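Structure record follows, encoded as structure tokens.
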Amino acid sequence: TQLLEQSPQFLSIQEGENLTVYCNSSSVFSSLQWYRQEPGEGPVLLVTVVTGGEVKKLKRLTFQFGDARKDSSLHITAAQPGDTGLYLCAGAFGSSNTGKLIFGQGTTLQVKP
Amino acid sequence: NAGVTQTPKFQVLKTGQSMTLQCAQDMNHEYMSWYRQDPGMGLRLIHYSVGAGITDQGEVPNGYNVSRSTTEDFPLRLLSAAPSQTSVYFCASSPYRGPYEQYFGPGTRLTVT
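Right, here's the structure in full:
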């Protein structure tokens with residue numbers, strides 16, 4: 189059974205601080221996605237990474253895919269209250285075209301003004 | 106486009122009752138799936154479908170049935186509700202090609218008493 193371990197599970201920081209969320213597995217991902225979810229809503233896709241070592245930036249968010257494609261990180265620079273939410277990583281494993289994703293447990297981020 | 110729609114938004118059931126959660130998408134996506142979200146456990150896949158007439162089980166299928174008669178609709182049926190099925194349910198759709206980026210509905214919060 190493939191598992192995605194996300195850490196930390198909870199993070200409470202002050203506005204302007206930096207933070208990093210990690211997503212790790214013992215298996216190799218064929219691709220990995222990061223989603224953000226606000227209370228009462230469904231997750232919304234932020235980014236997809238496919239290539240080992242890939243780095244993608246979305247404004248103040250930087251996403252990195254490990255060289256071995258077993259881990260990923262999300263770094264937020266100068267966090268703002270609007271970044272508050274649940275961040276989820278989701279990985280696709282193997283080469284078979286099942287379309288199934290495995291989700292991590294999520295990281296709840298609270299940014300205080 | 107409305108994207109992925111789900112009804113109802115909230116539902117309370119008594120143990121043993123049955124009901125159907127509705128899901129529809131207007132993006133012509135082949136792949137549709139149902140997840141449940143419980144605190145600290147991320148999203149877990151219940152059932153999925155890769156096209157009309159084709160369904161398969163996910164990680165936690167027991168107590169749930171699905172069918173896919175059209176590309177647009179993917180209802181989830183609870184056969185005999187149990188308190189353990191209290192959860193938030195999300196329907197998602199995706200183009201059936203890698204990396205299977207998911208578009209989520211707004212969710213249904215179900216309470217079984």
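Protein chains in written order, with the working numbering: chain D, 189 to 301; chain P, 106 to 218.
Using N, Cα and C, we set each Cβ at its ideal position, and we do this for glycine too.
These numbers were taken from a predicted model, which means no experiment stands behind them.
Residue range of the unbroken beta strand (DSSP E) whose run includes residue i
| i | result |
| --- | --- |
| N170(P) | 169–171 |
| M137(P) | 136–142 |
| V155(P) | 148–156 |
| Y205(P) | Looking at the DSSP string, Y205(P) is not in any beta strand (DSSP E), and its letter there is neither H nor E. |
| K114(P) | No beta strand (DSSP E) contains K114(P), which DSSP labels as neither H nor E. |
| V209(D) | 207–212 |
| Y201(P) | Premise fails: Y201(P) is in no beta strand (DSSP E) and is neither H nor E. |
| A280(D) | 273–281 |
| T160(P) | 159–162 |
| D178(P) | First-last for D178(P): undefined, no H or E at that position. |
| M124(P) | 124–130 |
| V200(D) | Strictly speaking, residue 200(D) in this sequence is Ser, with Val absent from that position. Where S200(D) is concerned, the enclosing beta strand (DSSP E) stretches over 198–202. |
| V237(D) | 232–237 |
| E193(D) | 193–195 |
| T218(P) | Counting along the chain, T218(P) falls outside any beta strand (DSSP E), and DSSP gives it neither H nor E. |
Beta carbon proximity, residue i to chain D, threshold 8 Å
| i | result |
| --- | --- |
| E206(P) | yes |
| P113(P) | no |
| M146(P) | yes |
| P211(P) | yes |
| G163(P) | yes |
Inter-residue CB distance, residue i and residue j (contact presumed, cutoff 8 Å)
| i | j | result |
| --- | --- | --- |
| L297(D) | G273(D) | 6 Å |
| W222(D) | L192(D) | Between L192(D) and W222(D) the Cβ distance is about 11 Å, and since that is not below 8 Å, they are no contact. |
| R141(P) | Y194(P) | 5 Å |
| T176(P) | N133(P) | 6 Å |
For residue j and residue i, the rounded distance between their alpha carbons
| i | j | result |
| --- | --- | --- |
| P196(D) | L233(D) | 20 Å |
| N206(D) | Y153(P) | 37 Å |
| Y275(D) | E206(P) | 15 Å |
| C196(P) | G163(P) | 13 Å |
| Y136(P) | E203(D) | 39 Å |
| D143(P) | E229(D) | 14 Å |
| G254(D) | E242(D) | 7 Å |
| A266(D) | K244(D) | 17 Å |
| G292(D) | G108(P) | 24 Å |
| A157(P) | A280(D) | 22 Å |
| K300(D) | N167(P) | 41 Å |
| Q127(P) | L215(P) | 13 Å |
| S213(D) | T160(P) | 27 Å |
| T218(P) | G294(D) | 27 Å |
| V155(P) | Y201(P) | 7 Å |
| L118(P) | L181(P) | 15 Å |
| Y210(D) | L220(D) | 12 Å |
| F209(P) | L183(P) | 20 Å |
| Q130(P) | P231(D) | 16 Å |
Cutoff 8 Å: residue i Cβ touching any chain P Cβ
| i | result |
| --- | --- |
| L289(D) | yes |
| E229(D) | yes |
| A273(D) | Before going further, note that residue 273(D) is Gly rather than Ala in the sequence given. Answer no: the Cβ-Cβ gap between G273(D) and chain P never drops below 8 Å. |
| A256(D) | no |
| L276(D) | yes |
| Q298(D) | no |
| G294(D) | yes |
| A280(D) | yes |
CB contact check: residue i to chain C, cutoff 8 Å
| i | result |
| --- | --- |
| I159(P) | The question asks about chain C, but that chain is absent: this structure's protein chains are D and P. |
Proximal residues, the region 234–254 of chain D versus chain P, C-beta separation under 8 Å:
T236, V238
Would you list, in chain order, the members of the region 208–223 of chain D that have their beta-carbon closer than 9 Å to a beta-carbon of chain P?
S218, S219, L220, Q221, Y223
When Cβ atoms are compared, which residues of the region 178–207 of chain P fall closer than 7 Å to chain D?
F195, S199, Y201, G203, P204, Y205, E206, Q207
Using a Cβ-Cβ cutoff of 9 Å, what residues of the region 149–161 of chain P are near chain D? List them in chain order.
R149, L150, Y153, V155, D161
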